[in-house]
Amino acid sequence: MPKFKLDEIDHQILEMLIDNTRIPFTDIAKKLLISAGTVHVRVKKMEEAGIIKGSSLTLDYKKLGYSFIAYVGVFLQNTSQTKFVLQRINEIPYVTVAHITTGKFNIFCKIRAKSTMHAKDIIFMLDDIEGVYRTETMISLEESLNDKKRLMHTIFNEI
Numbered sequence: 001m002p003k004f005k006l007d008e009i010d011h012q013i014l015e016m017l018i019d020n021t022r023i024p025f026t027d028i029a030k031k032l033l034i035s036a037g038t039v040h041v042r043v044k045k046m047e048e049a050g051i052i053k054g055s056s057l058t059l060d061y062k063k064l065g066y067s068f069i070a071y072v073g074v075f076l077q078n079t080s081q082t083k084f085v086l087q088r089i090n091e092i093p094y095v096t097v098a099h100i101t102t103g104k105f106n107i108f109c110k111i112r113a114k115s116t117m118h119a120k121d122i123i124f125m126l127d128d129i130e131g132v133y134r135t136e137t138m139i140s141l142e143e144s145l146n147d148k149k150r151l152m153h154t155i156f157n158e159i
């Protein structure tokens, strides 16, 4: 499949959509001095090329009572259990991210909890999964960086 070529207009459209996935195409068009139809066509092409994959909603978990974040490294008894363990992890709604990794851990997870007691319960759920040898937890004191745009701009400058 040939590489999809993005131009500066595409970059600007993506930047606005990253800021607000619900921004109307007419607003984007006005800011870029192009037609809403042009925005629609370009977004559609980026979706078809797989550059844009859906849209997402960002929640303020603190306001919902889930301000505690921890990262849990999972050690497996045997790497052949990875798929099974990931299926069990997927059943725990408080685990919001899980990666198969190299290095120290077999799986690395991000959890969101209401409190340290709640986090302890979630970690115990992970520990209780058949095939998990042990876990190691790191508590997040603060999310200091979560910037989707910096990488996007770097990629655009490399193109």
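Using UniProt numbering, read the sequence shown as starting at 1 and increasing by one per residue. All C-beta atoms in this analysis are idealised placements derived from N, C-alpha and C, irrespective of residue type, glycine included. The structure presented is a predicted model; accordingly, all values stated were derived computationally and were not measured.
Residue i to residue j span [Cα, whole Å]
{"i": "K148", "j": "E91", "result": "28 Å"}
{"i": "D19", "j": "F108", "result": "28 Å"}
{"i": "L6", "j": "L33", "result": "18 Å"}
{"i": "K45", "j": "D128", "result": "46 Å"}
{"i": "D10", "j": "R42", "result": "7 Å"}
{"i": "T82", "j": "N106", "result": "8 Å"}
{"i": "T26", "j": "A36", "result": "5 Å"}
{"i": "F156", "j": "L14", "result": "11 Å"}
{"i": "V39", "j": "T154", "result": "23 Å"}
{"i": "E48", "j": "A29", "result": "20 Å"}
{"i": "F4", "j": "I52", "result": "12 Å"}
{"i": "T96", "j": "G65", "result": "15 Å"}
{"i": "E143", "j": "M117", "result": "20 Å"}
{"i": "K104", "j": "S140", "result": "19 Å"}
{"i": "K62", "j": "A113", "result": "10 Å"}
{"i": "G54", "j": "P93", "result": "21 Å"}
{"i": "K146", "j": "L59", "result": "Reading the sequence as shown, one finds Asn at residue 146 and not Lys. C-alpha separation (whole angstroms): 14 Å."}
{"i": "T115", "j": "K31", "result": "At residue 115 the sequence reads Ser, which differs from the Thr that was named. Computed Cα separation, rounded: 43 Å."}
{"i": "S102", "j": "S80", "result": "The sequence shown places Thr at residue 102, rather than the Ser named in the question. About 14 Å."}
{"i": "E8", "j": "E158", "result": "13 Å"}
Own chain residues within Cβ distance below 7 Å of residue i, not counting five before or after
{"i": "I23", "result": "M16 and L17"}
{"i": "M1", "result": "Low per-residue confidence applies at M1: pLDDT is 46, beneath 50, and the placement is therefore not dependable, though the value from the model is reported in the following sentence. None."}
{"i": "Q77", "result": "G131 and Y133"}
Presumed contact (8 Å Cβ cut-off) between residue i and residue j, rounded CB distance
{"i": "I89", "j": "L126", "result": "7 Å"}
{"i": "T135", "j": "V74", "result": "5 Å"}
8 Å Cβ shell around residue i - same chain, five flanking residues per side excluded
{"i": "L86", "result": "A98, I100 and I107"}
{"i": "F84", "result": "E130 and G131"}
{"i": "S56", "result": "T21"}
6 Å Cβ shell around residue i - same chain, five flanking residues per side excluded
{"i": "M152", "result": "none"}
{"i": "K110", "result": "Y71, T96 and V97"}
Legend entry - Segments of 3+ residues assigned as beta strand (DSSP E) that fall wholly inside the segment 78 to 107: If we require 3 residues or more, the beta strand (DSSP E) runs fully inside the segment 78 to 107 come out as 95 to 100.
Legend entry - Unbroken stretches of the alpha helix (DSSP H), 4 residues or longer, contained in the segment 6 to 39: Counting whole runs of 4 or more residues, the segment 6 to 39 contains the alpha helix (DSSP H) stretches 8 to 19 and 25 to 32.
Legend entry - Inter-stretch contact at 8 Å, needing at least 3 Cβ pairs: the segment 119 to 126 / the segment 62 to 72: Verdict: yes, contact present.
Inset, instruction - Let me know the alpha helix (DSSP H) ranges lying completely inside the segment 107 to 145, each 4 residues or longer, listed in chain order. - result: Counting only runs of 4 or more, we get 116 to 127.
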